[in-house]
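Number of protein chains: 4
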Amino acid sequence: MSVHTQYNRNKENIGRLLVKCQDKPGIVAALSTFLYENEANILESSQFSSEEEDGMFYIRFEYYLDDLLMKRQQLENAFSKIAEKFEMEYTFTYAIKKKRSAIFVSKEIHCLQELLWEWQSGDLDTDIAVVVSNHEDGRALVESLGIPFYYIPANKDIREEVEQKQVALMREYEIDVLILARYMQILTPNFVEHFPNKIINIHHSFLPAFIGARPYERAYNRGVKLIGATSHYVTNDLDEGPIIEQDTERVDHRNNVPTLKKIGQQVERRVLARAVKWHLEDRVIVKDNRTIVFH
Amino acid sequence: MSVHTQYNRNKENIGRLLVKCQDKPGIVAALSTFLYENEANILESSQFSSEEEDGMFYIRFEYYLDDLLMKRQQLENAFSKIAEKFEMEYTFTYAIKKKRSAIFVSKEIHCLQELLWEWQSGDLDTDIAVVVSNHEDGRALVESLGIPFYYIPANKDIREEVEQKQVALMREYEIDVLILARYMQILTPNFVEHFPNKIINIHHSFLPAFIGARPYERAYNRGVKLIGATSHYVTNDLDEGPIIEQDTERVDHRNNVPTLKKIGQQVERRVLARAVKWHLEDRVIVKDNRTIVFH
Amino acid sequence: MSVHTQYNRNKENIGRLLVKCQDKPGIVAALSTFLYENEANILESSQFSSEEEDGMFYIRFEYYLDDLLMKRQQLENAFSKIAEKFEMEYTFTYAIKKKRSAIFVSKEIHCLQELLWEWQSGDLDTDIAVVVSNHEDGRALVESLGIPFYYIPANKDIREEVEQKQVALMREYEIDVLILARYMQILTPNFVEHFPNKIINIHHSFLPAFIGARPYERAYNRGVKLIGATSHYVTNDLDEGPIIEQDTERVDHRNNVPTLKKIGQQVERRVLARAVKWHLEDRVIVKDNRTIVFH
Amino acid sequence: MSVHTQYNRNKENIGRLLVKCQDKPGIVAALSTFLYENEANILESSQFSSEEEDGMFYIRFEYYLDDLLMKRQQLENAFSKIAEKFEMEYTFTYAIKKKRSAIFVSKEIHCLQELLWEWQSGDLDTDIAVVVSNHEDGRALVESLGIPFYYIPANKDIREEVEQKQVALMREYEIDVLILARYMQILTPNFVEHFPNKIINIHHSFLPAFIGARPYERAYNRGVKLIGATSHYVTNDLDEGPIIEQDTERVDHRNNVPTLKKIGQQVERRVLARAVKWHLEDRVIVKDNRTIVFH
Numbered sequence: 001m002s003v004h005t006q007y008n009r010n011k012e013n014i015g016r017l018l019v020k021c022q023d024k025p026g027i028v029a030a031l032s033t034f035l036y037e038n039e040a041n042i043l044e045s046s047q048f049s050s051e052e053e054d055g056m057f058y059i060r061f062e063y064y065l066d067d068l069l070m071k072r073q074q075l076e077n078a079f080s081k082i083a084e085k086f087e088m089e090y091t092f093t094y095a096i097k098k099k100r101s102a103i104f105v106s107k108e109i110h111c112l113q114e115l116l117w118e119w120q121s122g123d124l125d126t127d128i129a130v131v132v133s134n135h136e137d138g139r140a141l142v143e144s145l146g147i148p149f150y151y152i153p154a155n156k157d158i159r160e161e162v163e164q165k166q167v168a169l170m171r172e173y174e175i176d177v178l179i180l181a182r183y184m185q186i187l188t189p190n191f192v193e194h195f196p197n198k199i200i201n202i203h204h205s206f207l208p209a210f211i212g213a214r215p216y217e218r219a220y221n222r223g224v225k226l227i228g229a230t231s232h233y234v235t236n237d238l239d240e241g242p243i244i245e246q247d248t249e250r251v252d253h254r255n256n257v258p259t260l261k262k263i264g265q266q267v268e269r270r271v272l273a274r275a276v277k278w279h280l281e282d283r284v285i286v287k288d289n290r291t292i293v294f295h
Numbered sequence: 001m002s003v004h005t006q007y008n009r010n011k012e013n014i015g016r017l018l019v020k021c022q023d024k025p026g027i028v029a030a031l032s033t034f035l036y037e038n039e040a041n042i043l044e045s046s047q048f049s050s051e052e053e054d055g056m057f058y059i060r061f062e063y064y065l066d067d068l069l070m071k072r073q074q075l076e077n078a079f080s081k082i083a084e085k086f087e088m089e090y091t092f093t094y095a096i097k098k099k100r101s102a103i104f105v106s107k108e109i110h111c112l113q114e115l116l117w118e119w120q121s122g123d124l125d126t127d128i129a130v131v132v133s134n135h136e137d138g139r140a141l142v143e144s145l146g147i148p149f150y151y152i153p154a155n156k157d158i159r160e161e162v163e164q165k166q167v168a169l170m171r172e173y174e175i176d177v178l179i180l181a182r183y184m185q186i187l188t189p190n191f192v193e194h195f196p197n198k199i200i201n202i203h204h205s206f207l208p209a210f211i212g213a214r215p216y217e218r219a220y221n222r223g224v225k226l227i228g229a230t231s232h233y234v235t236n237d238l239d240e241g242p243i244i245e246q247d248t249e250r251v252d253h254r255n256n257v258p259t260l261k262k263i264g265q266q267v268e269r270r271v272l273a274r275a276v277k278w279h280l281e282d283r284v285i286v287k288d289n290r291t292i293v294f295h
Numbered sequence: 001m002s003v004h005t006q007y008n009r010n011k012e013n014i015g016r017l018l019v020k021c022q023d024k025p026g027i028v029a030a031l032s033t034f035l036y037e038n039e040a041n042i043l044e045s046s047q048f049s050s051e052e053e054d055g056m057f058y059i060r061f062e063y064y065l066d067d068l069l070m071k072r073q074q075l076e077n078a079f080s081k082i083a084e085k086f087e088m089e090y091t092f093t094y095a096i097k098k099k100r101s102a103i104f105v106s107k108e109i110h111c112l113q114e115l116l117w118e119w120q121s122g123d124l125d126t127d128i129a130v131v132v133s134n135h136e137d138g139r140a141l142v143e144s145l146g147i148p149f150y151y152i153p154a155n156k157d158i159r160e161e162v163e164q165k166q167v168a169l170m171r172e173y174e175i176d177v178l179i180l181a182r183y184m185q186i187l188t189p190n191f192v193e194h195f196p197n198k199i200i201n202i203h204h205s206f207l208p209a210f211i212g213a214r215p216y217e218r219a220y221n222r223g224v225k226l227i228g229a230t231s232h233y234v235t236n237d238l239d240e241g242p243i244i245e246q247d248t249e250r251v252d253h254r255n256n257v258p259t260l261k262k263i264g265q266q267v268e269r270r271v272l273a274r275a276v277k278w279h280l281e282d283r284v285i286v287k288d289n290r291t292i293v294f295h
Numbered sequence: 001m002s003v004h005t006q007y008n009r010n011k012e013n014i015g016r017l018l019v020k021c022q023d024k025p026g027i028v029a030a031l032s033t034f035l036y037e038n039e040a041n042i043l044e045s046s047q048f049s050s051e052e053e054d055g056m057f058y059i060r061f062e063y064y065l066d067d068l069l070m071k072r073q074q075l076e077n078a079f080s081k082i083a084e085k086f087e088m089e090y091t092f093t094y095a096i097k098k099k100r101s102a103i104f105v106s107k108e109i110h111c112l113q114e115l116l117w118e119w120q121s122g123d124l125d126t127d128i129a130v131v132v133s134n135h136e137d138g139r140a141l142v143e144s145l146g147i148p149f150y151y152i153p154a155n156k157d158i159r160e161e162v163e164q165k166q167v168a169l170m171r172e173y174e175i176d177v178l179i180l181a182r183y184m185q186i187l188t189p190n191f192v193e194h195f196p197n198k199i200i201n202i203h204h205s206f207l208p209a210f211i212g213a214r215p216y217e218r219a220y221n222r223g224v225k226l227i228g229a230t231s232h233y234v235t236n237d238l239d240e241g242p243i244i245e246q247d248t249e250r251v252d253h254r255n256n257v258p259t260l261k262k263i264g265q266q267v268e269r270r271v272l273a274r275a276v277k278w279h280l281e282d283r284v285i286v287k288d289n290r291t292i293v294f295h
């Protein structure tokens, strides 16, 4: 996995521009000339064109511009002309404006632990604004770090009421990204549509194998020789959303369900942490049900 | 993957004993005392007990015994008493008696090539007696090694007739193991029941994901971040037989179906070669729909 | 990596027997008959013979015996005859008697965190008796878990004095195993000889590459495409002791020294955790400068 | 490993441009505008700047331009002005002009086999013009594919004479890249300087571990838990040239030197094949003793 290099620069002056449009001659020239003329220095750029399929073009720039925050509005205004010409969809984001995240968790807190750890060591560039759980297991850890912890009991009979509380909380805390770190409740379409491509889940199998409940039991019964985990954006089709990252680990006949779970937890935590990191750094673009990840 | 060490010993005197029975105190003592008293020196032993599930005990011995071929009958006779006492299922095999194999292949011959290559370099301890194909692509390669190549055109309309020919051929060549090295025809239950746990297939996906046809296309459409391959024994449930080996390789958004296939072929060939090797060395025990692999 | 299965058994009645001797016919028979006659039921057994090199035989048994703690002395006494006959070196250990460990750490606490985490989740079967550091960074974490933390400043000028304090501490806490979780001080031969094959170190490179100081800087300069970590027993030859476990991770030209370190820390923590786990479960046998690991 | 996607385009019209210069604002804009104005459509672009170290900028373009071969000279001429302004080092290459390669091999031909195989299946975009060996082992295979095979016995006493013959042969066959596929002879500085960054070697260890002779024996003696292979450009420092690719595979105490070799051969062949493929596609840039690989 690659980790990138711009550590020393003044974060206030770092911006990102993501662009998606129909592929045409001259796009890179137009974009890079725009950045140059606006005195933005390109730190990193990645592009992809899906020419054989639908002819779409995708690019991500990370750039450095002195006094970026002052010039920001002017830059975005100037860009709108290029965007119009090429019919681009685009997003400007600013490194200084950290995304605000909420973590949802149930009884098993290993993924929560990993995220908090990576966050403490500076690898996850986010404000963890709130943790929500239908169990109390994570409270001590979360509160010890000064993060608010909300215990909201949940089950399918009170789903609507629970989700109303959760949506209200997400609004109160102005959440940009919602991380399901082994939150073992199904979310309704109504909830999901509040956060399109903003809910990241970790599923404890190598999707599309073992969609749904109890994947380790089913992996055991099928006698697989590798187990896996998958991090994906949540859509209304259970475990069918765009995949951000996957990984596997070798197992053998000596493993039973509890030991598969132990091994799987290691995979889950690293897969989720990578996916969240890439999302926070605006490295993931969703294209239908697939992702382009510029890591 | 481990490769084992007995290279120098006189192969004529190497035997293997596989045993399966209800777990009880004294089994290892009885078996190892039996081997000791019959002057068989244990070269390698591996055991497994599935105590929490069904209390079964599995063991594989590889041993060295001077004049094994002369003493073989006597050894097997003597063993029958122990086997009776513990109600054991068991198999004696002899390293000198190579299994005879048939390879079935269609248009894509990369798995065939890998098997022939490993066989030439001494890693697959088998007599490759015959290659059968519904295409002519492999003929030159196969015949250049002095192996008979049978072209038997196949499609679903003439399946019965084709399988009759194939079964006859397997009998004629006294085949012990039948390797489907990307043979793209479905075998009927009638064919399969002639060769229980003796047909090894390579499926070009990480089962149980993408069972059936066109797995690379479906992997592409699902946007997976790893692709895999699975080698398994063939049963009458398509792609549902006991898994012997699996592996995966990382891919990304830049891959299209042709490049997924290229990467996948590398995985297929190493997964199949390992599974065949382990089968030939009597390292695989089938337990319901799972395998115990003593590699 | 395999994790094994005996979770439910009464731990009081689980014992382990490790044996090393010249390979001869009849050893397995003698050992398994001994266990059987003493009513010990074998849960797991692994063996290895280095026949081609020096003809040594190694075996590890994990067994279950009702009232083991009461029968323990009698069992060991009875064994001494077999041991004498075959000139065996051997060790009896008892699952109920957890090894007592000390963790040494400096400024970077990621390996300490991983060990504490695995220990809390029940994966490291040890009493962590004390943590020693030449920095204060780990204190809050360690004390929050009720483990004594000793700050002992260290540098090469006061090495002798520091080591005297440390040895005294190890005695006071009756330490069985000493884990160097990125302790960045060199230990003297005098210190090391107090703890033969009982000090486990993590070195932040794929040994024997980059022995000594600043391995990530040197890996960067050499332009390697993978970085690694190595856990080994400490001997008086710096970074030359018997290797227990190693692993690697892919890097590329975009990585600089700080990002190599970040990636490397993930490798270090999992490599050390595995090595410590295997040591605690008596799965590691040292053979000259190599290890046999029955995992 | 990623394999890229442009399969269907008319190869005649595909070109590549590699550029290296001091990083300055406006480079990407200048280059992409140049390509756009010359009607070259960018298929793939990858860039890297080593800002923290020496402020160098590297970029690789793959582009499509109708009638490229006719416009080629004009394009290169036009570019010279930009190159001058930014003080660029640069290379134009053309997909239609395959590199001509020579393979050097000794007794062990597994790497040769892998290269020939990948070449036959269209994955190595080269003309294999000649194979040179100090043994006869590869002759039958090589000649069966219509490739000239030269047997040139070699040893250190006749090195100079041998190398003269080899250099003459390389000239006769107009060789662009020289692949040492386990050629077990040391090349003199005199030979090497004829082919700067054009000789690709496979070393059978994870460099810088086990530089020099007999790496598997030394890996065995050191008791490593992974073995590796390294492909690198040859310089006059033995096994010290810029690394293109490395990989490792897990081994354990059961492996002896012959089985380490078997496992290692699998690693060697895939590592060399990747490195050669990337070199042939102009994906590798040498920067001091390191490589930038745009795969």
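Residue numbers (UniProt numbering), protein chains in the order written: chain V, 1 to 295; chain P, 1 to 295; chain R, 1 to 295; chain H, 1 to 295.
Idealized CB from N, CA, C, for every residue including glycine.
Please read these numbers as outputs of a predicted model, since none were measured by experiment.
{"Check": "Presumed contact (8 angstroms Cβ cut-off) between A154/V and V162/V, rounded CB distance", "Outcome": "5 angstroms"}
{"Check": "Local conformation of M88/H per DSSP, three classes", "Outcome": "coil"}
{"Check": "Residue closest to I27/R, alpha-carbon to alpha-carbon, out of Q47/P, R274/P, A209/P, Y36/P", "Outcome": "Y36/P"}
{"Check": "Cβ-Cβ distance between I244/H and I200/H below 9 angstroms", "Outcome": "yes"}
{"Check": "Spatial neighbours of W119/R in its chain, beta-carbon cut-off 8 angstroms, leaving aside the 5 residues before and after", "Outcome": "T126, I128"}
{"Check": "Beta-carbon gap between Q166/R and V192/R smaller than 9 angstroms", "Outcome": "no"}
{"Check": "Three CB pairs or more closer than 8 angstroms across the stretch 64 to 82 of chain P and the stretch 270 to 279 of chain V", "Outcome": "no"}
{"Check": "Short CB-CB distance (under 9 angstroms) between T5/P and chain H", "Outcome": "Unreliable positioning characterises T5/P in this predicted model, as indicated by a pLDDT of 43, which lies under 50. The coordinate reading is nonetheless provided below. Yes, contact with chain H."}
{"Check": "Counterpart residues of L17/P in DSSP-defined beta bridges", "Outcome": "F61/P, F92/P"}
{"Check": "Of the listed residues T91/H, D23/H, I227/H, D252/H, nearest to R16/H (C-alpha basis)", "Outcome": "T91/H"}
{"Check": "Any chain P beta carbon closer than 9 angstroms to G228/V", "Outcome": "yes"}
{"Check": "Under 8 angstroms (Cβ pairs) to chain P, residues found in the stretch 89 to 114 of chain H", "Outcome": "H110, Q113"}
{"Check": "S205/H burial status per 10 Å Cβ neighbour count (16 or more: buried)", "Outcome": "buried"}
{"Check": "For P189/R, the nearest candidate out of K98/R, V234/R, I109/R (CA to CA)", "Outcome": "V234/R"}
{"Check": "Alpha-carbon spacing of I175/H relative to E114/V, whole angstroms", "Outcome": "53 angstroms"}
{"Check": "Pick from F48/H, I42/H, V284/H that is closest to F48/V, judged by C-alpha positions", "Outcome": "I42/H"}
{"Check": "Residue interval of the alpha helix (DSSP H) (run including N190/H)", "Outcome": "189 to 192"}
{"Check": "Straight-line Cα distance separating G146/V from H232/V", "Outcome": "28 angstroms"}
{"Check": "Cβ pair R182/R, I202/R closer than 9 angstroms", "Outcome": "yes"}
{"Check": "Amino acids of chain H, ordered along the chain, whose beta-carbon sits closer than 8 angstroms to that of W117/P", "Outcome": "Q113"}
{"Check": "Alpha carbon of L124/P to alpha carbon of I263/H, nearest angstrom", "Outcome": "14 angstroms"}
{"Check": "Through-space distance from P148/H to N134/H, alpha-carbon basis", "Outcome": "14 angstroms"}
{"Check": "Assigned exposure category for G32/H - 16 Cβ within 10 Å defines buried", "Outcome": "In the sequence as displayed, the identity of residue 32/H is Ser instead of Gly. By the 10 Å Cβ count, S32/H comes out buried."}
{"Check": "Within the stretch 148 to 236 of chain V, ranges of the beta strand (DSSP E) (whole runs, at least 3 residues)", "Outcome": "149 to 151, 177 to 180, 199 to 203, 226 to 233"}
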